[in-house]
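A.B. asks: All the letters of the sequence shown, read from the start, carry residue numbers 440 to 637 under this note's numbering. Here it is, the structure in full.
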Amino acid sequence: MTPDVLIPRLETEILVKRARQILQQKGNQPTIVVDIGCGSGIIGTSVADLADEVIFLDISPAALAVSEQNFRSHFPEKQAQFIVSDLLTSLPAIPGDSQILLLTNLPYIKADDWIHMSADTVHEPRIALFGGELTGFEMYERVFAQIAELELTHFQLLCEFGFDQREIAESVLKKYPQWQSSFFADYTGIERFGEIII
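The following block contains the structure:
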């Protein structure tokens with residue numbers, strides 16, 4: 440870890456476990472994992488053994504360098520791409536027969552909402568913490584819109600958001616009735632993870 444990335448939290452383990460369940464059921468279909476806003480790369484790296492390829496995307500070149508170092512320390516020969524990208528804007532073309540699993544734990548704290556922040560965030564990069572001015576969910580709104588614009592098929596998305604953002608997520612997802620969405624809880628019973636299938 441370096442000051443360029445967010446320190447992984449325990450809750451993210453739940454997202455990783457669900458991702459591994461999905462990948463273990465994939466069968467023979469080629470599967471590409473896309474870690475959006477990858478930071479340290481912990482999410483993509485934690486499921487890479489079950490994927491055919493992992494694509495790491497982050498707007499920060501410094502964060503991408505950390506994710507590549509972490510990934511290569513575990514998978515020196517594994518096929519992977521590390522791309523500077525504003526969310527999905529630079530996602531490379533993906534073969535049409537591939538199953539796509541999008542994984543993300545984007546910044547979701549409302550700008551300057553220090554009341555709900557723990558002391559261990561003081562030295563972490565602001566770009567990895569704050570998700571928007573109004574709700575903190577704005578980056579997820581952008582990702583959903585980008586997915587719709589890209590017209591991705593055969594994909595699933597797993598995401599982690601704030602403890603108080605389930606209703607916001609549900610409201611935003613109503614814009615995409617063609618998607619099948621559901622939520623699952625963290626270790627304290629709070630539904631702060633989303634799963635989307637199309």
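Quick reminder that beta carbons are idealized off the backbone N, C-alpha and C, glycines included.
Judging by CA-CA distance, which residue of S537, A487, Q585 and L527 is the nearest neighbour of N509?
C.D. replies: Answer by Cα proximity: A487.
A.B. asks: Under 8 Å between the Cβ atoms of G633 and C598?
C.D. replies: Taking 8 Å as the Cβ cut-off, G633 and C598 qualify as a contacting pair.
A.B. asks: Just tell me which of D497, I461 and S506 has its CA closest to the CA of P515.
C.D. replies: Looking at the Cα atoms, S506 is the closest of the given residues.
A.B. asks: Between which two residues does the beta strand (DSSP E) containing S620 stretch?
C.D. replies: Start and end: Q619 to A624.
A.B. asks: Confirm, please, whether the CB-CB distance from T484 to S537 is below 8 Å.
C.D. replies: Contact flag unset, no.
A.B. asks: If you draw a straight line from the alpha carbon of L526 to that of A502, how long is it in whole angstroms?
C.D. replies: So the alpha carbons of these two residues sit roughly 13 Å apart.
A.B. asks: Could you tell me the boundaries of the beta strand (DSSP E) in which G633 lies?
C.D. replies: Note, G633: beta strand (DSSP E), E630 to I636.
A.B. asks: Under three-state DSSP, which class holds A504?
C.D. replies: Three-state DSSP puts A504 in a helix.
A.B. asks: Taking just the CA atoms, how far does V523 sit from Y615?
C.D. replies: Going from the Cα of Y615 to the Cα of V523 covers about 27 Å.
A.B. asks: Using DSSP with H/G/I as helix, E/B as strand and the rest coil, what is I533?
C.D. replies: DSSP places I533 in coil when its eight states are reduced to three.
A.B. asks: Restricting to Cα atoms, I'd like to know which of T451, G480, A458 and A490 is closest to Q468.
C.D. replies: Selected option, being the one with the closest Cα: A490.
A.B. asks: Terminal residues of the continuous beta strand (DSSP E) containing F583?
C.D. replies: Careful: F583 lies outside any beta strand (DSSP E), inside the alpha helix (DSSP H) at E577 to L589.
A.B. asks: Enumerate, from N- to C-terminal direction, the unbroken beta strand (DSSP E) stretches of 3 or more residues contained entirely within the stretch 469-528.
C.D. replies: The stretch 469-528 contains these whole beta strand (DSSP E) runs: 470-475, 492-497 and 519-523.
A.B. asks: Starting from G545, trace the alpha helix (DSSP H) both ways and give me its first and last residue.
C.D. replies: Residue 545 is actually Leu in this sequence, not Gly. Element bounds for L545: n/a, residue is neither H nor E.
A.B. asks: How many whole angstroms separate the CB atoms of A608 and F600, which I take to be in contact at a CB cut-off of 8 Å?
C.D. replies: Contact holds; Cβ gap of about 6 Å.
A.B. asks: Who are the Cβ neighbours of I539 in its own chain at under 7 Å, not counting the five residues just before and after it?
C.D. replies: Once the five neighbours on either side are set aside, the close Cβ partners of I539 are I471, V473, I533, L591, H593 and F594.
A.B. asks: Is the distance from the Cβ of L545 to the Cβ of V493 below 8 Å?
C.D. replies: It is not a contact, given that the beta carbons lie outside the stated cut-off.
A.B. asks: Using the Cα positions of H562 and A504, report the straight-line distance between them to the nearest angstrom.
C.D. replies: Legend: pLDDT at H562 = 48, less than 50; position of this residue unreliable, value from coordinates given subsequently. Each residue's Cα considered, the two are about 19 Å apart.
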